[in-house]
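Residue numbers (our numbering): 889 to 1121. Contents: one structure, followed by commentary.
What follows is the structure in structure tokens.
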């Protein structure tokens, strides 16, 4: 574990350029029994993160513990998870649906625009490939985004940073699992319908190539696999 954490921390923090958050909170509205507040902030120099935080209107004046929500498509896919959001908020928690770098509303545009940005050899694939040439990766960068989001919770009005949990659905859940190995502020991770094991993933004869580079982290199996994180946590 010690060796794995050391390697992962080095990968996640290498090449990052820390800066002030300079958060921009805006667009608070109520949808049925939920209030929603959006915010942009700098994760690092020249790279933004974005989140929409939901809470039950009955707890509008309370400081609430947070469940950080990660799923494929980010805030563009909120509707598909609305039932879970509502149920979690009714339990007295806030839900922060997060867009990590290049995901959700931050997804880069393709050229030509008719080409799927998440498709094989699409713009996200291209940018992730260039990160690898720089000895970096999208999972490393986006895991760093999770750690920065934990810091944002500390300064977001109406949120409290103790008892922060992660709900991870789909492949993007790997970022939350990796972050939980690096930061003890994450007290629990609920992972649903995601990659269960990198070892099994890379040995598969057939796989879905869409957005494939968003989960490829070179070298990880020399140090750990996802079941190891669950065991150590």
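Built from N, CA and C at the ideal position, the CB exists for glycine as well.
Can you tell me whether residue 1054 is helix, strand or coil according to DSSP? On the chain shown, position 166 is the one that residue 1054 refers to. Residue 1054: strand per DSSP, three-state reduction.
Mind pulling the alpha helix (DSSP H) runs of 4 or more residues that sit fully within the segment 993 to 1041? 1011 to 1021
Backbone secondary structure at residue 1098 - three-state DSSP: Stepping through the chain shown from its first residue, residue 1098 is reached at position 210. Reduced to three states, the DSSP call for residue 1098 is coil.
Which residue from 1108, 990, 1043 and 972 puts its Cα closest to that of residue 1087? In the chain shown, counting from the first residue as 1, residue 1087 sits at position 199. Ranking the options by Cα distance to residue 1087, first place goes to 1108.
For the beta strand (DSSP E) containing residue 927, name the first residue and the last one. By one-based count along the chain shown, residue 927 stands at place 39. Segment 922 to 932, the beta strand (DSSP E) holding residue 927.
Given that a residue counts as buried once 16 or more other Cβ atoms are within 10 Å of its Cβ, and exposed if not, what is residue 948? Indexing the chain shown from 1 puts residue 948 at position 60. Residue 948 should be labelled exposed.
I'd like to know whether the C-beta atoms of residue 1083 and residue 1112 end up nearer to each other than 8 Å. Here residue 1083 refers to the residue found at position 195 of the chain shown. Here residue 1112 refers to the residue found at position 224 of the chain shown. Contact: no.
What does DSSP give as the partner residues of residue 942 in its beta bridges? Position 54 of the chain shown, counting from 1, holds the residue named residue 942. The partner list for residue 942 (beta bridge, DSSP) reads 924 and 983.
Taking C-beta to C-beta, are residue 900 and residue 1019 nearer than 8 Å? The count along the chain shown starts at 1 and reaches residue 900 at position 12. The count along the chain shown starts at 1 and reaches residue 1019 at position 131. It is not a contact, given that the beta carbons lie outside the stated cut-off.
Using a Cβ-Cβ cutoff of less than 8 Å, which residues in the same chain neighbour residue 1095 once the five nearest sequence positions on both sides are dropped? Counting from one through the chain shown, the residue named residue 1095 turns up at place 207. Once the five neighbours on either side are set aside, the close Cβ partners of residue 1095 are 1089.
Measuring CB atoms only, is the segment 919 to 932 touching the segment 1008 to 1015, in the sense that at least three cross pairs come out at less than 8 Å? no
Between the segment 976 to 991 and the segment 1026 to 1036, do three or more beta carbon pairs fall short of 8 Å? yes
I need the boundaries of the beta strand (DSSP E) containing residue 959, first residue and last residue. Looking up residue 959 in the chain shown gives position 71. Where residue 959 is concerned, the enclosing beta strand (DSSP E) stretches over 954 to 959.
Does the beta-carbon distance from residue 1100 to residue 1003 come in below 8 Å? As a working mapping, residue 1100 is identified with position 212 in the chain shown. As a working mapping, residue 1003 is identified with position 115 in the chain shown. No, the Cβ-Cβ distance between residue 1100 and residue 1003 is not below 8 Å.
Which partner residues does residue 1078 have in the DSSP bridge list? Counting from one through the chain shown, the residue named residue 1078 turns up at place 190. Answer is 1055, bridged to residue 1078.
Selected residue, minimal CA-CA separation from residue 1081, among 1028, 960 and 982: Locating residue 1081 in the chain shown gives position 193, counting from the first residue. Nearest option by C-alpha distance: 960.
Could you have a look at residue 1110 and say whether DSSP puts it in helix, strand or coil? Translated into positions along the chain shown, residue 1110 becomes position 222. Note: residue 1110 maps to helix in three-state DSSP.
C-beta atoms of residue 1047 and residue 977 nearer than 8 Å: By 1-based counting over the chain shown, the position of residue 1047 is 159. By 1-based counting over the chain shown, the position of residue 977 is 89. No; because the gap between Cβ atoms is not below 8 Å, this pair is not in contact.
Flag this pair as yes or no: are the beta carbons of residue 1079 and residue 1061 separated by less than 8 Å? As a position in the chain shown, residue 1079 is number 191, starting the count at 1. As a position in the chain shown, residue 1061 is number 173, starting the count at 1. Yes.
Between the alpha carbons of residue 891 and residue 1119, how many angstroms are there, rounded? Looking up residue 891 in the chain shown gives position 3. Looking up residue 1119 in the chain shown gives position 231. Rounded to whole angstroms, residue 891 to residue 1119 spans 15 Å at the Cα level.
Taking 8 Å as the limit between beta carbons, can you name the residues of its chain near residue 1098, skipping five residues before and five after? Numbered from its first residue, the chain shown carries residue 1098 at position 210. The answer, listed in chain order, is 1004, 1006, 1007 and 1008.
From the DSSP output, in three-state form, read off residue 1083 for me. Along the chain shown, read from residue 1 onward, the residue named residue 1083 stands at position 195. It is coil, neither helix nor strand.
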